[in-house]
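In my numbering, the protein residues as written are 74 to 303. Okay, so here's the structure we're looking at.
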């Protein structure tokens, strides 16, 4: 059994992932992207990009600002498989340099490539930077229930982990790449039902906020996404 990288090249079916307790547990790779290629990504708008000439090898929010309902800034890609119903884990690296009244949906797993603002809470899981403060939350989409926030600071590299277990979403933010040191406030949880998100998450998106006004801005970058299952 094998999966593909974002650029179409084969990767091993299993990977060794640090679990924060000095042990490494093998997981099946469902999706992996180091953003060294924008092949397969669809870009809408200009201020959120993948592997652009000016910002290679990352997802970049370049002074992204709310469009006030008049536009959209995001990138999206179809996953090679639909995510499993009851258990998977996502990892990514995140850092921001500037923000104002921020509300950006930096990481989304969704049933369709529709603008996250228009998706119902049954069709999307979002990690948001905001609302209006520098923190990360996990939510059932931009208009759904949200967890408590994990505070973050500018010019600091963070290592994020999002877990789906049968009745919870668990968001953890770490200060080290081995993901052994939780930052203050991490982890947070959001209750879901076992029947939620059963076999319908097929897309990954990185977004601004189409419904927000232009006072909400973000300059940030995201890298090294990995999605695994046991």
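Even glycine gets a Cβ: it sits at the ideal position worked out from N, Cα and C.
Residue i: which of the options sits nearest, CA to CA?
i           : options               : result
residue 217 : 178, 249 and 166      : 178
residue 209 : 228, 233 and 229      : 233
residue 303 : 267, 161, 186 and 251 : 161
residue 231 : 147, 286 and 167      : 167
residue 276 : 220, 114 and 109      : 114
residue 265 : 104, 219 and 169      : 219
residue 152 : 184, 239, 171 and 135 : 184
residue 256 : 224, 105, 228 and 292 : 224
residue 273 : 128, 291, 180 and 186 : 186
residue 134 : 301, 300 and 294      : 294
residue 278 : 121, 102 and 103      : 121
residue 170 : 207, 147, 194 and 150 : 207
residue 244 : 292, 194, 267 and 164 : 164
residue 259 : 132, 193 and 211      : 211
residue 156 : 227, 229, 101 and 194 : 101
residue 202 : 176, 221 and 215      : 176
residue 300 : 292, 180, 247 and 172 : 180
residue 252 : 239, 235, 267 and 268 : 235
residue 228 : 292, 119 and 298      : 292
residue 309 : 112, 154 and 247      : Residue 309 is absent from the model: the chain starts at 74 and stops at 303.
residue 226 : 237, 246, 200 and 105 : 246
residue 159 : 285, 238 and 248      : 238
Note the first and the last residue of the continuous beta strand (DSSP E) segment covering residue i.
i           : result
residue 211 : 208-212
residue 293 : 290-302
residue 280 : 276-280
If I measure Cβ to Cβ from residue i and keep anything under 6 Å in the same chain, skipping five residues before and after, which residues do I get?
i           : result
residue 288 : 174
residue 283 : 140, 145, 188 and 190
residue 205 : 174
residue 250 : 232
residue 198 : 182
residue 138 : 287 and 290
residue 248 : 254 and 256
When DSSP builds the beta bridges, which residues end up paired with residue i?
i           : result
residue 106 : 298
Near residue i, what residues of its chain come up, given a Cβ to Cβ distance below 7 Å and the 5 sequence neighbours on each side ignored?
i           : result
residue 241 : 262, 263, 264 and 265
residue 127 : none
residue 111 : 123 and 124
Going along the chain, which residues of its own chain have a beta-carbon closer than 8 Å to the beta-carbon of residue i, five neighbours each way excluded?
i           : result
residue 130 : 107, 108, 109, 124 and 296
residue 221 : 210, 258 and 261
residue 281 : 118, 120, 121, 134, 137, 138, 139, 140, 145, 146, 147, 177, 178 and 291
### Runs of alpha helix (DSSP H) lying entirely within the region 119-190, each at least 4 residues, in chain order
none
### Task
Enumerate, from N- to C-terminal direction, the unbroken beta strand (DSSP E) stretches of 3 or more residues contained entirely within the region 187-269.
197-203, 208-212, 231-238, 241-247 and 261-264
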